[in-house]
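To keep things clear, I will list the structure first and then write my remarks on it.
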Amino acid sequence: MEKYRVVFNVSIIVIVCITLINVVCGILQITLPDMLVRIFGILDLVSVAALIFAAIKMRAAK
21 MEKYRVVFNV SIIVIVCITL INVVCGILQI TLPDMLVRIF GILDLVSVAA LIFAAIKMRA
81 AK
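Just add 20 to wherever you are in the sequence shown, counting from 1, and you've got the working numbering.
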């Protein structure tokens, strides 16, 4: 159960960091390179999948 909580927390941190970078760059009108945007997108999708997996496992363990 503890390892799922760690995965859950790391996933949330990754999602928040990527979102903050995108928001700050949007406010400051900084254009990120296309490759970096795609990498952020892939990381975001993987983090969401890990978040859902960990949440389901934690809920099932209760």
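Positions of the beta carbon are idealized from the N, C-alpha and C atoms, including for glycine.
Using C-beta distances below 6 angstroms, list every residue in its chain close to residue i, excluding the 5 sequence neighbours before and after it, in chain order.
i   : result
A74 : Y24, V27 and F28
Taking the Cβ atom as the reference point for each residue, do residue i and residue j lie within a distance shorter than 7 angstroms?
i   : j   : result
M21 : A69 : no
Thinking residue i and residue j are a contact (beta carbons under 8 angstroms), I'd like their distance in whole angstroms, please.
i   : j   : result
I38 : D64 : 5 angstroms
Who are the Cβ neighbours of residue i in its own chain at under 8 angstroms, not counting the five residues just before and after it?
i   : result
V43 : none
Query raised in the report: Can at least three beta-carbon pairs, one atom from the stretch 25-37 and one from the stretch 51-59, be found at a separation below 8 angstroms?
Result: no
Query raised in the report: Mind pulling the alpha helix (DSSP H) runs of 4 or more residues that sit fully within the stretch 32-65?
Result: none
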